[in-house]
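A.B. asks: Numbered per our numbering, the sequence shown finishes at 331, counting up by one with no gaps.
Glycine is no exception: its CB is placed at the ideal position from the N, C-alpha and C atoms.
I have a structure I would like to understand better, so I am pasting it below and will then ask my questions one at a time.
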Amino acid sequence: MIMVGNRPDSKLYVEAKGRACAEVGIRCVNQFYPATTTLDEILGQVNAFNADPSIDGILIQMPLPSALDEKTIVDAVLPSKDVDGLHPFNVGELGMRWRNPLFTACTPAGIVELLDAEQITLRGKIAVVLGRSDLVGNPVGMLLRKRDATVISCHSKTNNIASLVAQADVLVSACGVPHFVRGEWLKPGCVVIDVGINFIGEKMVGDVCFDEAMGIASAITPVPGGVGPMTIAMLLNNVYTSFAHTRRQDIRPKGHVRILFPSFFVPEDGGAMQGMLWAVSKLISFSTALNS
Numbered sequence: 040m041i042m043v044g045n046r047p048d049s050k051l052y053v054e055a056k057g058r059a060c061a062e063v064g065i066r067c068v069n070q071f072y073p074a075t076t077t078l079d080e081i082l083g084q085v086n087a088f089n090a091d092p093s094i095d096g097i098l099i100q101m102p103l104p105s106a107l108d109e110k111t112i113v114d115a116v117l118p119s120k121d122v123d124g125l126h127p128f129n130v131g132e133l134g135m136r137w138r139n140p141l142f143t144a145c146t147p148a149g150i151v152e153l154l155d156a157e158q159i160t161l162r163g164k165i166a167v168v169l170g171r172s173d174l175v176g177n178p179v180g181m182l183l184r185k186r187d188a189t190v191i192s193c194h195s196k197t198n199n200i201a202s203l204v205a206q207a208d209v210l211v212s213a214c215g216v217p218h219f220v221r222g223e224w225l226k227p228g229c230v231v232i233d234v235g236i237n238f239i240g241e242k243m244v245g246d247v248c249f250d251e252a253m254g255i256a257s258a259i260t261p262v263p264g265g266v267g268p269m270t271i272a273m274l275l276n277n278v279y280t281s282f283a284h285t286r287r288q289d290i291r292p293k294g295h296v297r298i299l300f301p302s303f304f305v306p307e308d309g310g311a312m313q314g315m316l317w318a319v320s321k322l323i324s325f326s327t328a329l330n331s
């Protein structure tokens with residue numbers, strides 16, 4: 040992982056990813072650079088990781104300082120090591136109907152994994168996505184279309200957002216505005232995926248007003264603890280996929296690591312305010328060879 044600058048939130052994310060890697064036996068190499076680092080220095084590190092056969096995945100911690108050209112740095116990562124799924128090759132493959140990328144962006148992949156785990160059918164459903172970032176909004180829209188959902192993409196220039204949200208069978212909110220989506224906007228029985236990480240004072244909240252939505256949505260991801268852990272789980276999965284592909288072998292480890300995927304708060308009795316937080320599990324296998 041490459042991190043430039045000293046943003047506290049970025050440092051926390053890097054540490055969390057590092058801990059997760061250690062838990063499953065992935066060797067994690069972190070390179071930290073000051074915000075004054077030049078583009079050539081970062082590109083040099085990326086190229087070194089590209090050329091190192093012991094490195095299976097490269098992650099550039101976002102956001103980068105404004106002085107650095109994010110596009111140039113992302114483009115420099117080999118598509119075969121782009122475990123964040125941000126390289127134009129992987130994004131382009133994701134956008135084509137009958138093609139599949141080497142890697143899919145981790146948060147969108149985690150969202151679809153949650154929906155699959157809950158056996159939520161997307162075919163023929165209306166999915167509204169709030170936000171069009173390269174990290175979440177755009178790629179999750181592509182993934183939902185691949186599942187035959189009818190996708191409505193909303194952004195800062197969209198008019199009458201509330202009326203569009205009201206049509207959603209599935210709502211994915213990644214706009215970064217605390218409590219932007221009100222409960223009265225929601226279609227009864229809809230599924231809400233809240234990607235937002237915002238703060239009101241010292242309290243972390245999502246884009247959706249959770250208390251209001253609990254009485255209307257059939258399922259909703261909490262903030263914190265919903266989509267975030269899924270993002271890290273999908274990153275680990277991408278690294279493993281890269282490892283197995285590079286060595287052209289499907290490794291069978293001595294043991295397994297059980298990763299819990301936090302799932303939805305599900306309102307009871309068609310709209311009761313009480314819900315039950317439960318977890319679905321998935322086995323992700325890693326070889327002890329990953330430590331070598």
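(1) Given this structure, state the Cα-to-Cα distance separating K196 from V211, to the nearest angstrom.
(2) Measuring alpha carbon to alpha carbon, tell me which of A213, P268, V167 ends up nearest R58.
(3) Which residue or residues does DSSP assign as beta-bridge partners of V211?
(4) Using only the alpha-carbon positions, how far apart do L98 and D155 sit?
(5) Closest to N45 by C-alpha separation, out of A87, E80, E62, L103, would be which residue?
(6) Taking D246 as the reference, which of H218, D79, I239, T270 has the closest Cα?
(7) For A90, which of helix, strand or coil comes out of DSSP?
(8) Under a Cβ-count criterion, where at least 16 other Cβ atoms within 10 Å of its own Cβ denotes burial, should I239 be classed as buried or exposed?
(9) Tell me the rounded alpha-carbon separation between G83 and I112.
(10) Entirely within the region 139-196 and at least 3 residues each: give me those beta strand (DSSP E) ranges in chain order.
(11) Rounded to the nearest angstrom, what separates K120 and D114 at their Cα positions?
(12) Taking the C-alpha atoms as reference points, what is the distance between K164 and A188?
(13) By Cβ distance, which residues of its chain are closer than 6 Å to I81, with the 5 residues on each side in sequence left out?
(14) From the DSSP output, in three-state form, read off S119 for me.
(15) Please name the residue or residues paired with N45 in a DSSP beta bridge.
(16) When you compare only the Cα positions, how much space is there between T160 and E251?
(17) For the beta strand (DSSP E) that V332 lies in, which residues bound it at each end?
(18) From the DSSP output, in three-state form, read off F219 for me.
(19) Beta-carbon within less than 8 Å of V216's beta-carbon, same chain only, minus the 5 sequence neighbours each way: which residues are those?
(20) Would you call the CB atoms of S49 and M40 closer than 7 Å?
C.D. replies: If we stick to the structure as given:
(1) 17 Å
(2) P268
(3) V168, I232
(4) 26 Å
(5) L103
(6) H218
(7) helix
(8) It is exposed - the Cβ of I239 has fewer than 16 other Cβ atoms within 10 Å.
(9) 10 Å
(10) If we require 3 residues or more, the beta strand (DSSP E) runs fully inside the region 139-196 come out as 165-169, 189-193.
(11) Going by the C-alpha atoms only, they are around 11 Å apart.
(12) Those two C-alpha atoms are separated by around 5 Å.
(13) I112
(14) helix
(15) None; N45 has no bridge partner.
(16) 24 Å
(17) It is not possible to answer for residue 332, since the shown part of the chain is limited to 40 through 331.
(18) coil
(19) Taken in chain order, the residues that qualify are G235, N237, D246.
(20) no
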